[in-house]
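In our numbering, the protein residues as written are 1208 to 1544.
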């Protein structure tokens, strides 16, 4: 298996990309292609004492930034590290793609270069979030589609369910539709029409309406919503995580007694920190593409990249794309331009 990664995507590239790739080669037994400035990559590999065994360097010029138009990755910026990686995947040279670069460019490029699964109306970005018990739940969509129709949310539910089952090992993932309440009359027309479709989708384990507080406490495995609402939800969760972290820090370092108390629960605090750390999650898949595309966190280090490689490897090994293709076909929807 070979996975291609954008060597210059993210805040800590290329060093952390290279170190993450080395970890993945040793721990996962995969081949890796890294795109970018070949001379610089070779120099950094030598300085970091990273072997070139099972690592291929693919020459590329320039980097896609958040200032660049997302669509530029397809043509005028197709020779950049991200563009080269996407076309490397599209040409069949790799089994999956990873980048910690511009989210918008990954969504547009992954969809247009990697193509969509036949019948898929829109691709969806699927961040994984921590919940009680040490597990993870998927938010579908996390921000790729600000406006959605019921049929799109139905597809998101199916795609997200397959991802959680195949990649995260959850049998019959619980699917919930995000709403402002669980009562039938609550919500917009979008939720009212979507819930009808989801209740008549036999391939998913649909629970019905759920509220935002239900996901973090572990009541659902797949949280379905439109990209606008999903992104607001995600940012609110991130903010609460920062609030909790800073509050605990202020409390435990207030005086000598609280500092002693912190030492007594040091292990437990470490466990909480690890559970909330994005590095332990890996990447966010772009579901609905005909080839596996993963978005790593922009601040990913070597461990986080290793997690993304592990996730992509599992996704490919479990034939998730084939499962998704069959499931979308079973819905009987027409492909959308």
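Glycine is no exception: its CB is placed at the ideal position from the N, C-alpha and C atoms.
Source: prediction; values computed, not measured.
- Shown here, residue 1428 sits in coil according to DSSP, grouped into three states, outside any helix or strand.
- The Cβ atoms of residue 1494 and residue 1276 lie no closer than 8 Å to each other.
- Two segments are said to touch when three or more pairs of C-beta atoms, one from each, lie closer than 8 Å; by this definition the region 1387–1403 touches the region 1412–1429.
- Taking residue 1437 as the centre and dropping the five residues before and after it, the same chain places the C-beta of 1346, 1348, 1349 and 1350 closer than 7 Å to its C-beta, in chain order.
- Beta-bridge partners assigned by DSSP to residue 1343: 1337.
- Residue 1412: not part of any alpha helix (DSSP H); member of the beta strand (DSSP E) spanning 1412–1417, first to last residue.
- The alpha-carbon of residue 1290 is positioned some 13 Å away from that of residue 1311.
- Per DSSP, residue 1218 lies in no beta strand (DSSP E) and is assigned neither H nor E.
- Counting other Cβ atoms within 10 Å of its Cβ, residue 1302 reaches 16 or more and is therefore classed as buried.
- Three or more Cβ pairs closer than 8 Å define a contact, and the region 1338–1345 falls short of that threshold against the region 1314–1326.
- In the three-state scheme derived from DSSP, where H, G and I count as helix and E and B as strand, residue 1288 is classed as helix.
- Beta-bridge partners assigned by DSSP to residue 1454: none are found.
- Per the Cβ contact rule, the region 1218–1232 is not in contact with the region 1528–1538 (fewer than 3 Cβ pairs under 8 Å).
- In the three-state reduction of the DSSP assignment, residue 1301 falls in the coil class.
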